[in-house]
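Enquirer: Below you'll find the structure I mean.
In this note's numbering, the protein residues as written are 12 to 569.
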């Protein structure tokens with residue numbers, strides 16, 4: 012183990028909002044919580060929120076896009092065989108979105124990108140009610156922005172925005188109110204190429220966030236014509252100034268990969284974030300497959316191929332503990348059957364796609380993009396959602412002989428015995444639009460996550476989740492003493508009666524495709540009225556919070 016874990020036990024009782032009270036008895040050898048000590052006042056427990064109209068079984072969704080105020084139809088670019096300067100990938104990766112609280116009001120805001128249009132910032136004025144902001148400072152000029160994610164890369168306690176564009180990365184610092192100033196070059200986060208994704212983590216354990224930007228390439232200007240592949244970039248954060256450390260990953264930054272998605276996660280429980288890179292074009296000679304790198308510390312990231320080096324046309328990546336065994340598993344999308352990788356420990360992954368039904372739309376195969384694990388019914392067991400979308404630049408048939416149907420709908424898979432079943436149509440989210448990405452986030456703060464999608468021909472859709480009687484916790488971590496105030500990389504584990512063990516990691520970027528969610532954790536907890544929470548902070552220190560009441564938000568400040 013890299014870290015020495017110091018266990019601190021804090022007890023909570025199911026009392027009113029914002030209180031910290033006496034604990035239950037700690038395990039032998041661990042000092043009890045002292046309310047008068049330095050730890051006092053660090054835990055805020057919100058009021059209980061229960062479902063007003065509980066549904067039985069799997070609650071469905073309702074489309075609230077129009078009434079939420081975020082409906083818009085993006086400009087669909089015309090691909091004139093590249094004559095108008097638009098390559099295939101510029102059009103197909105036409106936009107994504109970020110979900111984050113950008114003005115510190117505990118409501119989740121939305122940022123959308125679309126082809127050669129300015130970013131749209133929607134600030135929440137109430138749960139699931141948005142207004143389009145202007146004068147926000149997110150100016151990208153004539154470049155095409157695809158990817159966007161939120162992270163506090165300045166380390167000042169508010170969430171900044173990072174964009175991947177056809178001309179490299181763009182970074183914007185937040186003043187805390189949702190007003191932004193571009194700091195791309197002053198911060199050192201500038202890199203060239205067509206960048207389609209990025210993710211943040213404390214790679215070297217020094218307390219601040221480092222970054223990975225994934226380069227794709229120019230795309231095909233005309234059918235059948237080759238194109239250049241852009242390198243990826245790894246940035247080290249040196250006290251707020253970033254320097255290029257791509258040499259630590261020489262085998263993946265040599266310009267031969269068509270990178271589409273990237274994620275950091277602690278695969279083996281040693282406290283260091285490991286790296287997974289999803290590459291398009293991995294089935295063709297000369298292009299690398301997906302790659303996994305184990306973090307050995309001191310900027311030594313060793314490529315490991317044990318089951319992780321999938322050759323696919325990968326576009327999206329999901330990270331989550333699908334089998335409740337305490338480690339992160341992976342789902343990778345594809346043109347054709349998608350790939351589900353079970354984490355078996357010791358940096359070994361097993362492809363369980365075929366055993367579980369292949370997560371495919373059938374023998375013909377269509378094109379899947381974004382993907383995410385979610386617990387829609389809050390039973391403590393993850394479901395899996397996948398965005399499917401037609402590629403208009405390949406209307407005669409998709410890559411690798413995929414059908415590329417215009418009507419192929421998004422999917423939402425739930426556990427069914429030893430396999431999985433697609434229930435997207437039953438729940439009301441089988442959208443046949445040309446989807447590119449999706450996320451599941453608690454926009455109305457009721458403990459049940461909404462289903463958010465973006466498609467290149469219809470724009471955003473928000474489906475509000477109905478609810479049931481199951482329990483949940485929305486956990487936010489704050490570490491004001493360091494340069495990672497939102498504790499990106501922390502892991503939160505919940506145990507208790509009437510719920511399976513649940514583990515969720517705090518992430519920044521690296522979700523879906525072209526997108527990123529907020530640095531918070533929503534835990535489905537079955538019928539548990541209280542649970543024990545173990546928080547492992549990014550530096551490895553662990554704290555145990557006992558008797559935490561459920562069905563509410565909890566903020567833990569270090």
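The beta-carbon is built from N, C-alpha and C at its ideal position, and this holds for glycine as well.
In three-state DSSP terms, what is residue 547?
Expert: On the chain shown, residue 547 is found 536 positions in, with the first residue counted as 1. It is a strand residue.
Enquirer: Using the three-state DSSP reduction, which class does residue 258 fall into: helix, strand or coil?
Expert: By one-based count along the chain shown, residue 258 stands at place 247. The answer is helix: DSSP assigns residue 258 an H, G or I state.
Enquirer: Using C-beta distances below 6 Å, list every residue in its chain close to residue 329, excluding the 5 sequence neighbours before and after it, in chain order.
Expert: Within the chain shown, numbered from 1, the residue matching residue 329 stands at position 318. Cβ neighbours of residue 329 beyond the five flanking positions: 342, 382, 383, 384.
Enquirer: Provide the residue span of the alpha helix (DSSP H) that contains residue 304, from first to last.
Expert: The residue you call residue 304 lines up with position 293 of the chain shown. Note, residue 304: premise wrong, no alpha helix (DSSP H); beta strand (DSSP E) at 302 to 306.
Enquirer: So residue 331 and residue 286 are in contact, right, with Cβ under 8 Å, and what is the actual spacing, rounded?
Expert: Residue numbering aside, residue 331 sits at position 320 when the chain shown is read from its first letter. Residue numbering aside, residue 286 sits at position 275 when the chain shown is read from its first letter. That pair is no contact at about 17 Å.
Enquirer: Helix, strand or coil for residue 242 per DSSP?
Expert: Taking the chain shown and counting its residues from 1, one reaches residue 242 at position 231. Of the three classes helix, strand and coil, the one that applies to residue 242 here is coil, per DSSP.
Enquirer: Taking all protein chains shown into account, do 16 or more other C-beta atoms lie within 10 angstroms of the C-beta of residue 143, making it buried, or fewer, making it exposed?
Expert: Residue numbering aside, residue 143 sits at position 132 when the chain shown is read from its first letter. It counts as exposed.
Enquirer: Considering only residues of the same chain and omitting the five flanking positions on each side of residue 571, which have a CB-CB separation below 7 Å?
Expert: With the chain represented from 12 up to 569, any question about residue 571 goes unanswered, as that position is not in the structure.
Enquirer: Taking the alpha-carbon positions, what's the residue 461 to residue 512 distance?
Expert: Numbered from 1 along the chain shown, position 450 holds the residue referred to as residue 461. Numbered from 1 along the chain shown, position 501 holds the residue referred to as residue 512. When rounded, the distance between both Cα atoms is 23 Å.
Enquirer: Only counting runs of 4 or more residues, tell me where the alpha helix (DSSP H) segments fall wholly within the region 432 to 491, in order along the chain.
Expert: Taking only runs of at least 4 residues, the alpha helix (DSSP H) segments lying wholly in the region 432 to 491 are 435 to 438.
Enquirer: Terminal residues of the continuous beta strand (DSSP E) containing residue 225?
Expert: Stepping through the chain shown from its first residue, residue 225 is reached at position 214. Start and end: 221 to 226.
Enquirer: Start and end of the alpha helix (DSSP H) containing residue 6?
Expert: Since the first residue of the chain shown is 12 and the last is 569, residue 6 is not available in this structure.
Enquirer: Taking just the CA atoms, how far does residue 562 sit from residue 89?
Expert: Counted from its first residue, the chain shown places residue 89 at position 78. Counted from its first residue, the chain shown places residue 562 at position 551. Spanning the two alpha carbons is a distance of roughly 48 Å.
Enquirer: How is the alpha helix (DSSP H) around residue 207 delimited, first residue to last?
Expert: As a first step, residue 207 is located in the chain shown; it is residue number 196 there, counting from the start. Counting along the chain, residue 207 falls outside any alpha helix (DSSP H), though it belongs to the beta strand (DSSP E) covering 206 to 212.
Enquirer: Look at the Cβ atom of residue 569, then the Cβ atom of residue 502, and state whether they are nearer than 8 Å.
Expert: Translated into the one-based positions of the chain shown, residue 569 becomes position 558. Translated into the one-based positions of the chain shown, residue 502 becomes position 491. No; because the gap between Cβ atoms is not below 8 Å, this pair is not in contact.
Enquirer: For residue 380, tell me which candidate among 207, 59, 517, 458 has the shortest Cα-Cα distance.
Expert: Numbered from its first residue, the chain shown carries residue 380 at position 369. The residue with the shortest Cα to Cα distance from residue 380 is 207.
Enquirer: What residue range does the beta strand (DSSP E) around residue 175 cover?
Expert: Numbered from its first residue, the chain shown carries residue 175 at position 164. 171 to 176 is the extent of the beta strand (DSSP E) around residue 175.
Enquirer: Between residue 256 and the rest of its own chain, which residues show a CB-CB distance below 7 Å, the 5 nearest in sequence each way excluded?
Expert: Looking up residue 256 in the chain shown gives position 245. So the qualifying residues of the chain are 245, 246, 247, 310.
Enquirer: According to the neighbour-count rule (16 or more other Cβ atoms, all chains shown, within 10 Å of its Cβ), is residue 481 buried or exposed?
Expert: Within the chain shown, the letter at position 470 stands for residue 481. Its Cβ being crowded by 16 or more others within 10 Å, residue 481 is buried.
Enquirer: Can you tell me whether residue 99 is buried or exposed? The criterion is at least 16 other CB atoms within 10 Å of its CB, across all chains shown.
Expert: Stepping through the chain shown from its first residue, residue 99 is reached at position 88. Its Cβ being crowded by 16 or more others within 10 Å, residue 99 is buried.
Enquirer: Looking only at its own chain, which residues have a Cβ that is under 6 Å from the Cβ of residue 178, when we skip the five neighbours before and after it?
Expert: Here residue 178 refers to the residue found at position 167 of the chain shown. Within the same chain, residue 178 has close Cβ partners 154.
Enquirer: Quick check on this structure: which residue in 117, 148, 440 has the alpha carbon closest to the alpha carbon of residue 183?
Expert: As a position in the chain shown, residue 183 is number 172, starting the count at 1. Of the candidates 117, 148, 440, the one whose C-alpha sits nearest the C-alpha of residue 183 is 148.
Enquirer: Where does residue 295 land, buried or exposed, given buried means 16+ other C-beta within 10 angstroms?
Expert: Translated into positions along the chain shown, residue 295 becomes position 284. Exposed, because fewer than 16 other Cβ atoms sit within 10 Å of the Cβ of residue 295.
Enquirer: With 16 other CB atoms within 10 Å as the buried threshold, where does residue 432 fall?
Expert: Walking along the chain shown from the start, residue 432 turns up at place 421. Its Cβ having fewer than 16 others within 10 Å, residue 432 is exposed.
Enquirer: Thinking residue 290 and residue 301 are a contact (beta carbons under 8 Å), I'd like their distance in whole angstroms, please.
Expert: Residue mapping note: residue 290 aligns to position 279 of the chain shown, counting from 1. Residue mapping note: residue 301 aligns to position 290 of the chain shown, counting from 1. That pair is a contact at about 6 Å.
Enquirer: Does DSSP classify residue 506 as helix, strand or coil?
Expert: Your numbering for residue 506 matches position 495 in the chain shown. The answer is strand: DSSP assigns residue 506 an E or B state.
Enquirer: Just tell me which of 359, 535, 458, 508 has its CA closest to the CA of residue 118.
Expert: Sequence index remark: in the chain shown, residue 118 carries index 107 (1-based). The candidate whose alpha carbon is nearest that of residue 118 is 458.
Enquirer: Grouping DSSP H, G and I as helix and E and B as strand, with all else coil, what is residue 86?
Expert: One-based indexing of the chain shown puts residue 86 at position 75. Correct three-state label for residue 86: coil.
Enquirer: Taking DSSP as the reference, what is the three-state secondary structure of residue 495?
Expert: To locate residue 495, count along the chain shown from 1; it is residue 484. Coil, per DSSP.
Enquirer: Pull up the DSSP beta-bridge partners for residue 272, would you.
Expert: Sequence index remark: in the chain shown, residue 272 carries index 261 (1-based). BP columns for residue 272 point to 289.
Enquirer: Does the beta-carbon distance from residue 464 to residue 472 come in below 8 Å?
Expert: Position 453 of the chain shown holds residue 464. Position 461 of the chain shown holds residue 472. Their beta carbons are under 8 Å apart, which means residue 464 touches residue 472 by this criterion.
Enquirer: For residue 292 and residue 495, what's the separation of their Cα atoms in angstroms?
Expert: Here residue 292 corresponds to residue number 281 of the chain shown, with the count starting at 1. Here residue 495 corresponds to residue number 484 of the chain shown, with the count starting at 1. Roughly 35 Å between the two C-alpha positions.
Enquirer: Per DSSP, residue 142 is paired with what?
Expert: Within the chain shown, the letter at position 131 stands for residue 142. DSSP output for residue 142 lists 134 as bridge partner(s).
Enquirer: Could you tell me which residues DSSP pairs with residue 378 in its beta bridges?
Expert: On the chain shown, position 367 is the one that residue 378 refers to. Bridge partners of residue 378: 346.
Enquirer: By DSSP's criteria, residue 362 is part of a beta bridge. Which residues make up the other side?
Expert: Taking the chain shown and counting its residues from 1, one reaches residue 362 at position 351. Paired residue(s): 352.
Enquirer: Would you report the Cα separation of residue 559 and residue 535, rounded to the nearest angstrom?
Expert: Position 548 of the chain shown, counting from 1, holds the residue named residue 559. Position 524 of the chain shown, counting from 1, holds the residue named residue 535. Those two C-alpha atoms are separated by around 14 Å.
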